[in-house]
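Working notes for the structure below.
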Amino acid sequence: MKNIKLNFITRVEGHGNIFIEIYKNRLKNIKFEIPEGPRLFETLVLDKEPQEVLNIVPRICAICNVSHRYAALRALEKIGNIKIPKEVKLLRDLAHCGEMLESHALHLFLLALPDFLGYPDAISMTEKYPDLVQIGLRIKKFGNFLMEKTLGRIIHGENMIIGGFGRYLNEEELSVIKKEAEELLPEAIKAWEITRNLHYATLGEESMLFVCLKPPTDEYGFWGTK
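For the sequence shown, position 108 matches number 104 in the working numbering, and the numbering has no gaps at all.
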């Protein structure tokens, strides 16, 4: 029996370990461990003012801070029975798309692809696959650009507030975003093609219901009310 333990896996968005058991040169067991302890955010927000809650909750994760702020906003607005205009929802969705682009580009091109292509890291890929690395970086940069424009800064932007935004984008700013998005579209399609054609292992595969891929409204997005 041979045991292998990999501590502090570096190419994940978070913390993880892998424990492997090998018996007679065959894989006997593999476990993925998440060593991160309780964060206690539920306790941190007790008896806090709404604005304080909006500042605390996104600290759950810097990478997906927009999602956490958005969720906190929706909860607070539901408590206060605050209805937001369609334009506010669309602008919030735009900010959320920025986070999704940045996070997915990081995941696919910098964290996952090196494993699929047999490299120790993304930097090592640049010699043979410089175009792939550049596509990933450009998509990631555009996601950051969206968050900075809509929220005021890339990480922990404060512009998304209860009832709307502190500052709204003007027509010229929206036109710039549209132009850059259209220019990036071929590379986003390329990223989809890369993902579609990767060979995925079936180890531990289970039947799952991906709720966020089909919101209740049948519109594109990542949240619903049910």
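All C-beta atoms in this analysis are idealised placements derived from N, C-alpha and C, irrespective of residue type, glycine included.
> Using DSSP with H/G/I as helix, E/B as strand and the rest coil, what is GLY162?
Replying inline: coil
> Can you give the Cα-Cα distance for GLU179 and ARG134, rounded to whole angstroms?
Replying inline: 11 Å
>> Just to confirm my understanding: we take LEU40, look at its own chain, exclude 5 residues before and 5 after, and list those with CB closer than 7 Å. What are they?
In response: ILE52
>> So the candidates are VAL8, GLU29, LYS1, ILE5; which of them puts its Cα closest to the Cα of ILE16?
In response: LYS1
> Identify the residues that DSSP records as bridge partners of ASN223: which are they?
Replying inline: The shown model of the chain, from -3 to 222, leaves out residue 223, and the question about it has no answer.
> Are the CB atoms of GLU29 and ASN13 nearer to each other than 8 Å?
Replying inline: yes
>> Taking the straight line between their C-alpha atoms, what separation do you get for TRP188 and ASP43?
In response: 45 Å
> Taking the DSSP output, what are the residues bridged to MET96?
Replying inline: Looking at the DSSP assignment, MET96 forms no beta bridge with any residue, so it has no partner.
> Looking only at DSSP bridge pairs, what is LYS27 linked to?
Replying inline: PHE15
> What three-state label does DSSP hand LYS(-2) in the structure shown?
Replying inline: strand
> Do PRO34 and HIS11 come within 8 Å of each other at the CB atom, strictly closer than that value?
Replying inline: no
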